[in-house]
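With the working numbering applied, the sequence shown has no gaps in its numbers, which climb one by one up to 484 at the end. Ideal placement from N, C-alpha and C gives every residue a C-beta, glycine not left out. Okay, structure first, notes after.
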Amino acid sequence: MIRILTDSASDILPAEAEQLGVTVIPLNVTLEDGSILRDGIDMTPTEYYAHLASCRKLPTTSQPSPELFEKFYLEAAAAGDEVLGIFLSHELSGTWQCAKLAADLANVDNVLFVDSATVCLGESLLVRLAVQLRDAGKTLVQIATDLEHAKEHLHLVAAIDDLKYLRKGGRLPAAVAVAGGMLGIKPLITIKDGKVAMAGKARGLPGAYVALFKKIEELGGISPDFAAVAGYSSSLREVQPIENYFRENLHMSEPLVRQIGCVIGTHAGPGAFGLAFFDKGLVLE
200 MIRILTDSAS DILPAEAEQL GVTVIPLNVT LEDGSILRDG IDMTPTEYYA HLASCRKLPT
260 TSQPSPELFE KFYLEAAAAG DEVLGIFLSH ELSGTWQCAK LAADLANVDN VLFVDSATVC
320 LGESLLVRLA VQLRDAGKTL VQIATDLEHA KEHLHLVAAI DDLKYLRKGG RLPAAVAVAG
380 GMLGIKPLIT IKDGKVAMAG KARGLPGAYV ALFKKIEELG GISPDFAAVA GYSSSLREVQ
440 PIENYFRENL HMSEPLVRQI GCVIGTHAGP GAFGLAFFDK GLVLE
């Protein structure tokens with residue numbers, strides 16, 4: 200059996216993980232009072248965003264301990280199972296390196312790793328694709344190879360309400376954050392080469408939707424053959440135009456919509472929304 204392992208930056212919640220047959224290792228959020236939250240477990244995103252909006256000092260995020268990964272690998276090895284680990288971009292977190300270190304410590308050779316080179320909504324799409332390929336009977340090597348190819352066609356674009364969270368968290372240079380954070384302007388961000396990058400700017404909320412939908416076409420359009428997902432941090436209402444876009448253009452009766460969790464939300468901030476998708480150029484055997 201192939202066990203699929205990911206981290207909580209994928210924003211796959213426990214109930215959904217069980218349904219998909221994947222295991223999610225939680226990252227950590229340290230609040231200003233020093234208390235530590237396990238992402239996706241100890242506080243709902245809605246509760247967290249209320250806290251984030253009022254806190255004086257930005258919480259910090261951290262990778263899981265190697266022991267959590269090591270325990271999982273050893274259990275899988277004892278059962279004769281293989282492991283596919285899919286983690287957020289190594290440019291944004293040490294989680295991928297931590298997972299690989301744990302495999303070395305456990306002295307196991309039944310594990311393959313895929314650096315998603317993205318986060319959040321994009322990472323979750325790679326996990327969902329891995330589940331689909333596993334359930335179709337592909338081998339561990341075949342799945343990892345397909346994911347490496349698929350991630351070249353994977354795009355994440357989001358509108359951010361305030362770039363200060365990315366700046367304070369060190370995920371975006373201060374000069375870029377200042378330039379993109381003018382009054383009345385909605386910055387658009389993406390993930391490029393595993394790092395957060397500016398994707399454009401729009402005036403106000405209506406302009407942000409126009410810019411997002413234009414960006415979809417610039418990136419090659421959304422493939423109808425693979426899953427796409429919309430996401431939001433604090434306001435479900437703000438993601439509804441993307442849901443409508445999915446319904447009208449992709450004929451999705453029930454669009455996939457997820458709330459962005461605490462770890463990624465620490466850096467995206469309240470009022471963020473966006474989508475992730477595979478472009479029409481993706482073809483898998």
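Of the residues Gly-220, Val-462, Glu-269 and Leu-257, the one whose Cα lies closest to the Cα of Ala-329 is Gly-220.
When the alpha-carbon of Thr-259 is set against those of Ala-475, Ala-249, Val-462 and Val-395, the nearest one is in Val-462. Between Tyr-248 and Leu-236, the alpha-carbon positions lie close to 13 Å from each other. Looking only at Ala-276, Thr-294 and Leu-251, the smallest Cα-Cα distance to Val-223 is reached by Thr-294. Given a length threshold of 3 residues, each whole run of the beta strand (DSSP E) inside the region 256-335 is given here in chain order: 259-261, 281-286 and 310-314.
With distances taken between CA atoms, Glu-269 lies nearest to Ala-301 out of Gln-331, Ser-261, Ala-301 and Leu-339. Counting every other CB atom within 10 Å of its CB across the protein chains shown gives Asn-306 a total below 16, marking it as exposed.
Pairwise C-beta distances place the region 333-352 out of contact with the region 445-455, as fewer than three of them are shorter than 8 Å. Looking at the DSSP output, Asp-478 sits in a beta bridge with Ile-421. Excluding the 5 residues flanking it on each side, Ser-209 has same chain C-beta neighbours closer than 6 Å at Glu-322, Ser-323 and Val-326, in chain order. Cβ contact annotation for Val-356 (same chain, cutoff 7 Å, sequence separation greater than five): Leu-387, Thr-389, Ala-398, Leu-411, Lys-414, Gly-473 and Leu-474, in chain order.
Of the residues Gln-439, Met-200 and Ile-359, the one whose Cα lies closest to the Cα of His-466 is Ile-359. Annotation: Pro-440 is outside any beta strand (DSSP E); the continuous alpha helix (DSSP H) that includes it extends over 439-449. Under the DSSP assignment, His-354 falls in the beta strand (DSSP E) whose first and last residues are 353-358. With 16 or more other CB atoms across the displayed protein chains lying within 10 angstroms of its CB, Glu-281 is buried.
Taking 9 Å as the cut-off, the Cβ atoms of Ala-349 and Leu-455 do not count as close.
For Asp-206, the uninterrupted beta strand (DSSP E) run begins and ends at 201-206, by DSSP.
Cα atoms of Phe-271 and Pro-405: separation of roughly 46 Å, rounded to the nearest angstrom. Taking all protein chains in view, the Cβ of Lys-256 is surrounded by fewer than 16 other Cβ atoms within 10 Å, so the residue is classified as exposed. Contact check for Pro-244 and Gly-460: beta-carbon distance about 5 Å, within the 8 Å limit, so the pair qualifies. Selection Ile-240, Leu-267 and Asp-232 evaluated against Cys-254 yields Asp-232 as nearest (Cα-Cα). Look at Ile-224 here: in three-state DSSP terms it is strand. For Leu-267 and Arg-402, the gap between their C-alpha atoms comes out near 44 Å.
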